[in-house]
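Sequence order for the protein chains is A and B.
Under the numbering used here, the first residue of the first sequence carries the number 1, and numbering increases by one thereafter.
Under the numbering used here, the first residue of the second sequence carries the number 1001, and numbering increases by one thereafter.
Working notes for the structure below.
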Amino acid sequence: MSGVLVSGATTPVSRALIEALLAEGRTVLAVAVEERWPFEPHDRLHYHQVDLTRDRCIRELLFGPARELGLTAIIHSAHHRRTSDSGRKIRALNVESTRCLVQLAERHPTIERFIYRSYADVYRISPELPQLIGEDHPLELGSWLPQVLRDRVEADLTVCTAMGMGSLSIAVLRCAEVCASNSGSQLHDYLQSRVCLRPLGYDPMLDVLSIEDLVHALQLALASDAQGIFNIGGRDVLPLSAAIGAAGKREVAVPGPALGPLYRLRSLTRGSEFNYGSNRFRFHFSGVLDGRRAREVLGYVPEHPIDWPVPTYVRD
Amino acid sequence: MIAPPTLPRALARLLLPRDVDRRLRRISFRDAGHGYDRLGMHPDWVRMAVGLFNGAYANYFRVESHGIENVPAEGPAILVANHSGMLPIDAIMLNVDVVQKTFPPRVPRMVLDVFVPKLPFVSSFFARAGAVSGARGTVRRLLEEGELLGVFPEGTPGISKPFSERYQLKPFRVGHAELAIRHRAPIVPVAIIGAEEQFVQLKSVDLHPFGAPFMPLPASPFPLPVRYRIHYGPPISLHERYPQEAADDPAACRAAADEVQAVVQALVDRGVEEREAVFW
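Here it is, written out as structure tokens:
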């Protein structure tokens, strides 16, 4: 079985992915910023501490251990997760590292496949646009977005631009939100408070993806040689109110304009990561991924619902 | 949540006759995981909506319909109806009629103007009851999944036209014809008689709350108790005469839409001619 490089390896998603890849019999080169692999070792698992914000480190990784191990694929899912952070270093991780990985993979002697885990956040949600989001749906390029979300759009487009430019086979998986801790999930942060405020008079449909389904989608993309963009929806498509209820929280409907100041205040006083500004459209209007292309081309069908109330993944 | 989950079920049971309620439990839909479909429709909400409007349907507007057998029992299809009456009561009556008279009950996905999702409460209620916004991508996917659409190709000009122009159809938009040709879906022409007289519009005020296209000023605060008559015509199979590529031909789509308009207009004319009185 061919080997795979997995970036952002210590997140809950990548950790589950690595376990699945090892179970398939693959060799895995896991990379993250942590000094040591914090989980169970495995004889086919190789861990490297890499600072992906530095081009030189990426070059040394790809043309060093990755070449020695004869890896044939990269699954790139290293992103900065805190939406409140900004700056050059964060952009370097989110966008420049992605660009560098794609460029170097193009001329790498053994790597043939590049899978980029993107986000449904890149799509624009608006009442005038379809509620079922296809891969050709308009992207959200608003300047009002936090940097981390703008970076996601730019990184996604960076990978898409490289499609068909060389021999590297590229798949971009635009995944619904994984509602789990330590995964950059805004919905997870939102559902952490005992009382969840939501816009009065609106109850949009949300699409939530389980880690199991995301891992399965990445495995299918790895096994396939199909190029292109694929929407990866979840088994949990439900109204915002139902998500609050399923998480065992109490909801209070508040006029929309009051929610921004209230959540800013909460963020200041409680240190919450939830940013209402970047969620205000999807908290008013539905946006559900249409996963038909992933179903037809990759054979992906979401099968694992979330284990509500929202699971918390603690690093052991 | 616009209501606790048990409320729609309890209200439906309270408002609907027992046999109707039992029949409507057979509503089929694609559960996306939590009892809702991907667009937010919930069968309990559909039943509650039918229950809420059943009084108006059966006792106030005393709707009578003819030709429901023309609505296909399954597969993609588009109901194309005339639109009038200042408020979309005609759409609601058509919806209730189709849900009640088809078996197993089919929920027509009424295609709403794109400003409706901006309306608080109304947007959520309509979504739960099965209506969808008029964005092309959404309706296209619904047809691909074999759903029944309800379309009013006159749009706002139809619903806001003055009383003096009643039962004279405004020019049809072409979207329904394009969809029918592209997705090989039959069009069921529908004439709704009675809605034109439910409100007499004094004036259309130039106000646009939540992006609404107009603000009507009616002569009466409530709709008049006109009798509704709904006529379903035989399906028009545009797809048998137009190849799929014609969906990208503006002239072909225009011709197909004009053809559908002529059929609906003829159905409307016949319905108006056949009725003996407006109110009974």
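For each residue, glycine too, the CB sits at the ideal point set by N, CA and C.
In this structure, L200 (chain A) places its C-beta atom within 8 angstroms of the C-beta atom of A253 (chain A). Sequence-distant Cβ neighbours of D213 (chain A) in its own chain, meaning closer than 7 angstroms and more than five residues away, are G234, R235, P302, E303 and H304. Taking C-beta atoms under 8 angstroms as the contact rule, A180 (chain A) and I211 (chain A) qualify, at a distance of about 6 angstroms. A residue is called buried when at least 16 other Cβ atoms come within 10 angstroms of its Cβ; N1082 (chain B) meets this threshold and is buried.
Under the Cβ criterion of 8 angstroms, V1080 (chain B) is not counted among the residues facing chain A.
In this structure, the CA atom of A1246 (chain B) is about 10 angstroms from the CA atom of A1177 (chain B).
L157 (chain A) and L1079 (chain B) have their C-alpha atoms roughly 40 angstroms apart. Here F1103 (chain B) is exposed. Its C-beta has fewer than 16 other C-beta atoms within 10 Å. With contacts defined as CB atoms closer than 8 angstroms, R1009 (chain B) and D1044 (chain B) qualify as a contacting pair. G277 (chain A) carries a helical assignment under DSSP once its states are collapsed to helix, strand and coil. Ranked by how close their Cα comes to the Cα of G142 (chain A), the residues A:D136, A:Q131, A:S126 and A:F283 have A:S126 in first place. In this model, P1162 (chain B) and A1195 (chain B) are separated by some 13 angstroms (Cα to Cα). When beta bridges are read from the DSSP output, E177 (chain A) appears opposite A:V208. Listed by position along chain B, the residues whose Cβ is nearer than 8 angstroms to that of S143 (chain A) form an empty set, because the closest Cβ is around 22 angstroms away. In the DSSP assignment, R1227 (chain B) falls outside any alpha helix (DSSP H) and carries neither an H nor an E. Annotated three-state conformation of L168 (chain A) is coil, per DSSP.
Among the bridge pairs identified by DSSP, C196 (chain A) is matched with A:E251. The beta-carbon separation of A23 (chain A) and G8 (chain A), rounded to 20 angstroms, does not stay under the 8 angstroms limit for a contact. The C-alpha of S185 (chain A) is placed about 12 angstroms away from the C-alpha of S278 (chain A). H46 (chain A) and I306 (chain A) have their C-alpha atoms roughly 30 angstroms apart. DSSP places V1190 (chain B) in the strand class (E or B) of the three-state scheme.
Within the region 229-242 of chain A, the residues whose Cβ lies closer than 9 angstroms to some Cβ of chain B are G233, G234, R235, D236, V237, L238, P239, L240, S241 and A242, listed in chain order. Comparing C-alpha distances from A1255 (chain B) to each of B:E1276, B:A1266, B:R1241 and B:V1268 shows the shortest one belongs to B:R1241.
Along the length of the region 1053-1129 of chain B, whole beta strand (DSSP E) runs at least 3 residues long occupy 1064-1066, 1077-1081 and 1109-1112, reported in chain order.
Around P130 (chain A), the beta-carbon contacts reaching into chain B at under 9 angstroms are S1133, A1135, R1136, G1137, T1138, V1139, R1140 and R1141.
DSSP places K1203 (chain B) in the uninterrupted beta strand (DSSP E) bounded by Q1201 to V1205.
Counted as a single uninterrupted DSSP element, the alpha helix (DSSP H) harbouring G1158 (chain B) occupies residues T1156 to I1159. Contacts with chain B (Cβ-Cβ distance below 7 angstroms) from the region 281-314 of chain A involve F285, S286, V288, D290 and P305, listed in chain order. Taken through DSSP and simplified to helix, strand or coil, L52 (chain A) comes out as coil. Annotation for V1278 (chain B): G1194, E1197, V1226 and R1227 place their beta carbon closer than 8 angstroms to its own, counting only its chain and skipping 5 residues before and after. When the five nearest sequence neighbours on each side are left out, the beta carbons in the same chain lying within less than 6 angstroms of the beta carbon of P1186 (chain B) are those of A1077, P1235 and S1237, in order along the chain. The C-beta distance from L1112 (chain B) to F1126 (chain B) rounds to 6 angstroms, short enough to meet the 8 angstroms contact threshold. The three-state reading of DSSP puts M1215 (chain B) in strand, counting E and B together. Between the C-alpha atoms of E1147 (chain B) and D43 (chain A) there is a straight-line separation of about 52 angstroms. Contact with chain B is absent for D189 (chain A), since none of that chain's Cβ atoms lies less than 8 angstroms from the residue's Cβ.
Counting the other CB atoms within 10 Å of its CB gives A223 (chain A) a total below 16, which places it among the exposed residues.
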